[in-house]
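Following: one structure in C-alpha cells, then a few remarks.
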Amino acid sequence: MFITKEVTFDSAHFLTDYYGKCERMHGHTYSLQVTLEGEIQKNGMVIDFALLKQIIKNRILNKLDHQILNDVVENPSTERVAVWIWNELCDVKKLLMAEAGDPNMDQNIRKMLKKTHFEKTMRLYEIKLCETTGSCVTYRGE
Amino acid sequence: MFITKEVTFDSAHFLTDYYGKCERMHGHTYSLQVTLEGEIQKNGMVIDFALLKQIIKNRILNKLDHQILNDVVENPSTERVAVWIWNELCDVKKLLMAEAGDPNMDQNIRKMLKKTHFEKTMRLYEIKLCETTGSCVTYRGE
Amino acid sequence: MFITKEVTFDSAHFLTDYYGKCERMHGHTYSLQVTLEGEIQKNGMVIDFALLKQIIKNRILNKLDHQILNDVVENPSTERVAVWIWNELCDVKKLLMAEAGDPNMDQNIRKMLKKTHFEKTMRLYEIKLCETTGSCVTYRGE
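Order-wise, the sequence lines are chains A, B and C. The first sequence begins at 2 in the working numbering and counts up by one. The second sequence begins at 2 in the working numbering and counts up by one. The third sequence begins at 2 in the working numbering and counts up by one.
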C-alpha cells in the first residue's frame with residue numbers, strides 16, 4: 002500500500018547551465034508529493050499523515066521553503082532538487098526513529114510512535130516534484 | 002490501457018486507535034479514483050465512463066456518502082476504507098453483469114452493455130483515496 | 002526518472018458507436034499529460050520542459066486544439082485519442098532532432114539542443130488524457 006503526502010513550498014532559483022529566461026533568478030510555488038510504501042499496522046494506518054508531514058517539514062521545508070534553492074542544491078533544476086529530496090528522505094525508518102526521540106515533537110504523535118512497530122517493508126517509494134502545475138518530475142531512486 | 006473515474010463523497014469518521022484530534026468525530030470530502038485495466042473494445046472504449054460511474058455510485062457512494070464511516074468500516078482510517086472499497090469493487094466483471102440485469106438502469110447504458118463483450122483481461126487495477134487534497138492512499142490489492 | 006508536461010486543449014467530438022448523449026456533437030477541455038523516461042544529463046535536466054512543450058504543441062495541439070476530433074481520429078473516444086497521441090509522440094528522439102532542425106524554433110532552445118546528447122534510454126513512457134477532471138485514460142503503448 003502507498004501513502005502520499007503533498008505539500009507546497011515557495012522558493013527562488015536559477016539554472017546555471019541554460020540559455021534563456023530560466024538563467025535569471027525567478028521562483029515557483031513547488032508542489033511536492035512524497036510516497037511511502039508499507040503495510041497496514043494494527044492501528045489501521047501505514048503511517049500517520051501528521052507524522053509524515055512533520056518529517057517532510059523538518060527535513061525538507063525547513064531547508065527549502067522561502068530560500069534560494071541554489072544555496073542548497075547546485076544548479077537546482079527540478080530534476081536535481083527531486084534527487085536531493087529523495088536523498089534526504091530515503092532512510093525513512095531512521096527519520097521516524099529520530100522524530101520519536103525529538104523532545105519538541107507533538108506529544109500525541111510521540112505516543113503513537115511508541116506504539117508503532119514499523120514494518121520492515123516500509124520504504125520511500127517516490128518523489129514527485131512540480132515546479133508549476135504542468136511541469137513535474139517523478140523520481141524513484143533509480 | 003487504464004481507465005480512471007474520480008468521484009467525491011462527504012462522510013464523517015473518527016479513529017478508534019489514535020491519540021489526538023482524529024479520535025474525535027470529524028469529516029472529509031474524500032476524493033476517490035477507481036482505475037480499471039483492460040483492452041479497447043470494438044466500440045472504441047475499454048468501458049463507458051458513465052457505466053463505471055454508475056457502478057461506483059451503486060456499490061460505494063450509496064453506502065459511504067453522507068454517512069458515518071464507522072458504521073460501515075471498523076476503525077475507518079483512509080487505509081482501511083481504501084481496502085474496503087477495493088473489496089467491494091474487485092470482482093468488476095461480475096458487477097458489470099449485475100448492472101446489465103438491473104431493471105432500473107439507464108436504458109442507453111443497458112443497450113451498450115448488451116453489445117459489449119468485456120475482455121478477459123479487464124480487472125480492477127487501483128484504488129486511490131484522498132481524505133484531503135494532500136493526504137492519499139493508493140491500494141492495488143497487494 | 003520521469004518528466005511530465007501537462008497541457009490542455011479544447012475540442013469537439015462525438016462517438017459513432019454509442020447510444021446516448023455522447024453520440025451528439027459536444028466538446029471537452031481535455032487535459033493531456035505526456036511523460037518521458039530518461040536520465041539526467043550534464044545540464045541537470047532530462048529534457049527542458051519548454052522543449053517538451055514545444056513538441057507537444059507542434060505535434061498534438063496544432064492538430065487537435067479547437068478542432069472536431071472526428072476529422073482527425075475515427076470514432077474519437079478518449080481511449081482512441083490517447084492511442085493516436087501516443088503514436089504521434091512515440092518516436093520522441095526523432096521528434097527532438099526534427100525540432101533542432103526547424104529554422105523557426107526558439108533560438109535559445111536550439112542552442113540547448115545543440116549541446117544535448119539525449120540518452121539512449123529516453124523514451125515516451127505514458128500518455129494520460131482526461132476528457133473531464135474525473136474521466137481519464139492512461140496508455141503506455143501496450
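We put the beta carbon where it would ideally sit given N, CA and C, even for glycine.
Within the 9 Å Cβ cut-off, does V138(A) reach chain C?
-> yes
Using 8 Å as the Cβ pair cut-off and three pairs as the minimum, do the stretch 2-13 of chain A and the stretch 60-73 of chain A touch?
-> yes
Can K112(C) and L53(C) be called in contact, C-beta distance under 9 Å?
-> no
What residues match up with A13(A) in a beta bridge as DSSP calls it?
-> Beta-bridge pairing links A13(A) to G28(A), I69(A).
May I ask you to verify whether the stretch 75-86 of chain A touches the stretch 135-142 of chain A, counting CB pairs closer than 8 Å and requiring at least 3?
-> Yes, they touch.
Report the neighbours of T134(A) on chain C: residues whose CB is nearer than 9 Å to its CB, in chain order.
-> E7
Please check the pair F15(A) and E38(A), which I expect to be a contact at CB under 8 Å, by giving their CB distance rounded to whole angstroms.
-> Actually they do not touch by this definition, with Cβ atoms about 35 Å apart.
Is the shortest distance between the beta-carbon of S78(A) and the beta-carbons of chain C less than 9 Å?
-> With 9 Å as the cut-off, S78(A) counts as an interface residue toward chain C.
Specify the secondary structure class of I57(A) as computed by DSSP and reduced to three states.
-> helix
Does the count of Cβ pairs from the stretch 43-57 of chain C and the stretch 16-31 of chain B closer than 8 Å reach three?
-> Contact between the stretch 43-57 of chain C and the stretch 16-31 of chain B is absent, because fewer than three Cβ pairs lie under 8 Å.
Neighbour flag for F3(C) against chain A, beta carbons, 9 Å | Interface residue, yes.
If you run the structure through DSSP and keep just helix, strand and coil, what is V47(C)?
-> coil
Evaluate G102(A) with the Cβ neighbour count: other Cβ atoms within 10 Å of its Cβ, from every protein chain shown; 16 or more gives buried, anything less gives exposed.
-> exposed
Using a Cβ-Cβ cut-off of 7 Å (strictly less than) and excluding sequence neighbours within five positions of N71(C), which residues of its own chain qualify?
-> H14, F15, P77
Contact check, T36(A) vs K129(A), beta carbons under 9 Å = yes
What are the residues of the stretch 46-63 of chain A that lie near chain B, defined by any Cβ-Cβ distance shorter than 9 Å?
-> M46, V47, D49, F50, A51, L53, K54
Integer Cβ distance of R60(B) from L97(B), believed to fall under 8 Å = Not really, about 11 Å apart at Cβ, beyond 8 Å.
Taking buried to mean at least 16 other C-beta atoms within 10 Å of its own C-beta, is M26(C) buried or exposed?
-> exposed
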